[in-house]
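Student:
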Amino acid sequence: MDAFAKMGVKLKPDTLEGLTDWMMGFLKLKGKMKDEPEAKIDSRDTTETRQCLWQCRKKEELLAEFYSARLETDESVTPWICRLESILGKSKERGLVQTKDIDEMLRSMHWTGLKDISGHMYDTIKTFDALRLAIRQTEGYYILRESSISYKTHTSKAATEVEEAPSEFEELKRMIHQLVNRMDTYEANKQTPPWQQQEQQQWQQQQQHQWQKQQPPNNSNHGMVKNNNRKVKDNGSATTLDNNHKGTAEIILSA
Numbered sequence: 001m002d003a004f005a006k007m008g009v010k011l012k013p014d015t016l017e018g019l020t021d022w023m024m025g026f027l028k029l030k031g032k033m034k035d036e037p038e039a040k041i042d043s044r045d046t047t048e049t050r051q052c053l054w055q056c057r058k059k060e061e062l063l064a065e066f067y068s069a070r071l072e073t074d075e076s077v078t079p080w081i082c083r084l085e086s087i088l089g090k091s092k093e094r095g096l097v098q099t100k101d102i103d104e105m106l107r108s109m110h111w112t113g114l115k116d117i118s119g120h121m122y123d124t125i126k127t128f129d130a131l132r133l134a135i136r137q138t139e140g141y142y143i144l145r146e147s148s149i150s151y152k153t154h155t156s157k158a159a160t161e162v163e164e165a166p167s168e169f170e171e172l173k174r175m176i177h178q179l180v181n182r183m184d185t186y187e188a189n190k191q192t193p194p195w196q197q198q199e200q201q202q203w204q205q206q207q208q209h210q211w212q213k214q215q216p217p218n219n220s221n222h223g224m225v226k227n228n229n230r231k232v233k234d235n236g237s238a239t240t241l242d243n244n245h246k247g248t249a250e251i252i253l254s255a
């Protein structure tokens with residue numbers, strides 16, 4: 001400060017930072033300090049940096065996709081393995097994963113998705129192909145077991161439906177029986193149309209007339225008619241005689 005005072009330079013800034021900036025400007029003004037040229041950035045370095053950053057980001061994305069993959073509920077072992085191998089295949093093509101690390105990565109992730117049924121296999125089987133084969137066998141056993149359980153459940157449901165079927169059958173049978181009875185009652189009570197009744201009466205009269213013509217005369221009836229006539233005549237004569245005798249008696253009494 002004293003040196004600046006002897007030089008007749010008055011310090012304007014009051015803070016240390018302001019003093020530093022002022023000193024830099026003062027030295028440049030006196031020619032004691034020259035401006036450094038701006039650093040030139042090579043385009044090749046920029047491209048390489050961008051490629052490096054892109055590769056790192058892509059690697060992180062692929063690895064994140066690989067390690068975040070999980071076995072779906074309706075997914076079997078084979079599609080699950082193919083999905084993992086596809087992700088690592090892309091990483092290998094771009095040089096993001098080394099070949100020696102692929103087997104261990106697949107073995108680890110394959111077991112992670114199936115650890116519930118293959119926990120003991122991961123420690124005993126050290127290669128991915130052997131682990132895949134063992135897990136496929138285990139999966140086949142579980143699929144067969146689930147199918148048998150579902151078949152038993154379906155069979156029990158079918159038996160229940162068969163037990164319930166007779167009641168429905170009896171109900172349907174009863175309804176059909178009622179319908180048949182109603183149809184019979186309707187047919188019995190159904191009235192014949194008037195024109196059909198007239199035709200039936202005419203036909204019956206014609207049949208009766210033809211039948212009477214075809215019958216021979218009855219002699220016994222004719223004899224009975226004659227006897228009746230004779231009786232009528234006899235009765236008439238007897239009545240006459242009775243009247244005559246009655247008249248005679250009356251004459252005798254009068255005498």
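Using UniProt numbering, the first residue of the sequence shown is number 1, and each one after it goes up by one. We put the beta carbon where it would ideally sit given N, CA and C, even for glycine.
1. Are the segment 97-104 and the segment 67-84 in contact at 8 Å, needing three or more beta carbon pairs?
2. Evaluate LEU172 with the Cβ neighbour count: other Cβ atoms within 10 Å of its Cβ, from every protein chain shown; 16 or more gives buried, anything less gives exposed.
3. Let me confirm a value: SER91 is counted as buried when at least 16 other C-beta atoms fall within 10 Å, else exposed. Which label applies?
4. Starting from VAL77, trace the alpha helix (DSSP H) both ways and give me its first and last residue.
5. How close, in whole Å, do the beta carbons of ARG107 and LEU131 come, if the pair is a contact with beta carbons under 8 Å?
6. Run the CB neighbour count on MET24, radius 10 Å, all protein chains shown included, and call it buried at 16 or more, exposed below.
7. Taking 6 Å as the limit between beta carbons, can you name the residues of its chain near LEU133, skipping five residues before and five after?
8. Quick check on GLN98: does DSSP put it in helix, strand or coil?
9. Under a Cβ-count criterion, where at least 16 other Cβ atoms within 10 Å of its own Cβ denotes burial, should ILE176 be classed as buried or exposed?
10. Report yes if the C-beta distance between PHE66 and LEU96 is below 8 Å; otherwise report no.
11. For GLU61 and LEU71, what's the separation of their Cα atoms in angstroms?
12. Alpha carbon to alpha carbon, how far is PHE169 from GLN212? Give it in angstroms, no decimals.
13. Please confirm whether MET109 and ALA69 have their CB atoms less than 8 Å apart.
14. Between ASN181 and ARG174, what straight-line distance do the alpha-carbon atoms span, to the nearest angstrom?
Tutor: The short version:
1. no
2. Looking at its Cβ environment, which holds fewer than 16 other Cβ atoms inside 10 Å, LEU172 is exposed.
3. buried
4. 77-93
5. 6 Å
6. MET24 is exposed by the Cβ-count criterion.
7. Within its own chain, no residue has a Cβ closer than 6 Å to the Cβ of LEU133 once the five positions on either side in sequence are excluded.
8. coil
9. exposed
10. Their beta carbons are not under 8 Å apart, which means PHE66 does not touch LEU96 by this criterion.
11. 19 Å
12. 58 Å
13. yes
14. 11 Å
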